[in-house]
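Trainee: Chains as they are written, first to last, in the numbering used here: chain A, 21 to 34; chain B, 8 to 255.
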Amino acid sequence: KHKILHQLLQNSTS
Amino acid sequence: SPTVSLAELDHLVQIISKSHLETCQYLREELQQMSRQNFQQDEVESYQSKPREAMWQLCAVKITEAIQYVVEFAKRIDGFMDLCQNDQIVLLKAGSLEVVFVRMCRVFDSQSNSVYFDGKFAGPDVFKGLGCDDLISSVFDFAKSMCSLHLTEDELALFSAFVLLSADRSWLQEKLQVEKLQQKTQLALQHVLQKNQREHGVLSKLRCKVSALRSLCSRHTEKLSAFRAVYPDIVQTHFPPLYKELFG
């Protein structure tokens, strides 16, 4: 559940 | 309410404004350079003659693109990443589309009642194929009334953060934490409005916008459910995964 949102949140801010 | 020093408020304003500018999808300069070209009648008709599902898919893609920028905005707000992951997700699920609607006033032309979409400025007619005329006209009315407030980028940034950090969303685990962040953001917004010598009415007008945003988003969810009931496979196979996660 919410895999992509998790991923986006974990990616470091560029 | 928390005690916050003026220096802290100034710092918050700076951070949130910077986050907004870094993630706003279109910079002011780009917006000025964008030809204020509206779609021609034949182009409008070609959107209108698209099958309903194709138009829905196109809009889902555009909304998802805009939401990705909002996620980046959220990540750069002081304190957001210190919240537990459940709450980060709850806030984004409930608030990311609301921020997209807030940001829409930056790409909206009140005079021609049109919004930048798919390369040109589109009036409500372009979206007829979605079969949601009432929702579309409410979204346009909302953008128009946001534009009429003539918010500066600072004010828009803080209002967006305030919307995103709504402490009354269901399923928050650390409600108090979110409440603190939202209160600080509200103080920073008040501080900026005061500094910019805005009339007192602006803040109460912005409060009204909060309930308007909720209504727009719940109507979007209703329309999506109605669409999904007729075209379940289209949503399942052709809609962006992030859109499905947020609104499914």
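By construction, the Cβ of each residue, glycine as well, lies at the ideal position given by its N, Cα and C atoms.
Everything numeric in this text was worked out from a predicted model, so none of it was measured.
1) Between the Cα of S119 (chain B) and those of B:E79, B:Q243, B:T228 and B:C154, spot the shortest distance and give me the residue it belongs to.
2) At what residues does the alpha helix (DSSP H) containing Y238 (chain B) begin and finish?
3) Rounded to whole angstroms, how far is the Cβ of D132 (chain B) from the Cβ of V51 (chain B), which I believe are closer than 8 Å?
4) Relative to the alpha-carbon of W63 (chain B), which residue among B:G138, B:R113 and B:A236 has its alpha-carbon at the smallest distance?
5) Where L163 (chain B) and Q48 (chain B) are concerned, what is the direct C-alpha to C-alpha distance, given to the nearest angstrom?
6) For Q95 (chain B), which residues in chain A fall below 7 Å Cβ to Cβ?
7) Please report whether the beta-carbon of A190 (chain B) lies at a distance below 9 Å from any beta-carbon of chain A.
8) What residue range is occupied by the uninterrupted beta strand (DSSP E) comprising V11 (chain B)?
9) Taking Cβ-Cβ distances shorter than 8 Å, what residues in chain A pair up with Q92 (chain B)?
10) Note down, in chain order, every chain A residue with its Cβ under 9 Å from the Cβ of E252 (chain B).
11) Against chain A, does L28 (chain B) count as a neighbour if the rule is that its beta carbon must be under 9 Å from one of theirs?
12) Name the two residues that bound the continuous alpha helix (DSSP H) containing K187 (chain B).
13) Name the one or two DSSP bridge partners that F115 (chain B) has.
14) By a C-beta neighbour count over all protein chains shown, 10 Å radius and 16 as the cutoff for buried, is A195 (chain B) buried or exposed?
15) Could you check how far apart the C-beta atoms of S103 (chain B) and I84 (chain B) are, in whole angstroms? I think they sit under 8 Å.
Mentor: From the atom records:
1) When each option's Cα is compared against that of S119 (chain B), the closest is B:C154.
2) Y238 (chain B): not part of any alpha helix (DSSP H); DSSP gives it neither H nor E.
3) Contact flag correct, Cβ pair sits at about 5 Å.
4) Among B:G138, B:R113 and B:A236, the Cα nearest to that of W63 (chain B) belongs to B:G138.
5) So the two alpha carbons sit approximately 33 Å from each other.
6) Correct list: L29.
7) One point to set straight first is that residue 190 (chain B) is Gln, not Ala, in the sequence displayed. Cβ-Cβ to chain A under 9 Å: no for Q190 (chain B).
8) Segment: none, V11 (chain B) is in no beta strand (DSSP E) and carries neither H nor E.
9) Within chain A, the residues near Q92 (chain B) are H26 and L29.
10) What E252 (chain B) touches in chain A: K21, H22, K23, I24 and L25.
11) Chain A contact via Cβ: absent.
12) Per DSSP, the unbroken alpha helix (DSSP H) holding K187 (chain B) starts and ends at K182 to K202.
13) Partner(s): B:V122.
14) With 16 or more neighbouring CB atoms inside 10 Å of its own CB, A195 (chain B) falls in the buried class.
15) So it is not a contact: roughly 13 Å between Cβ atoms.
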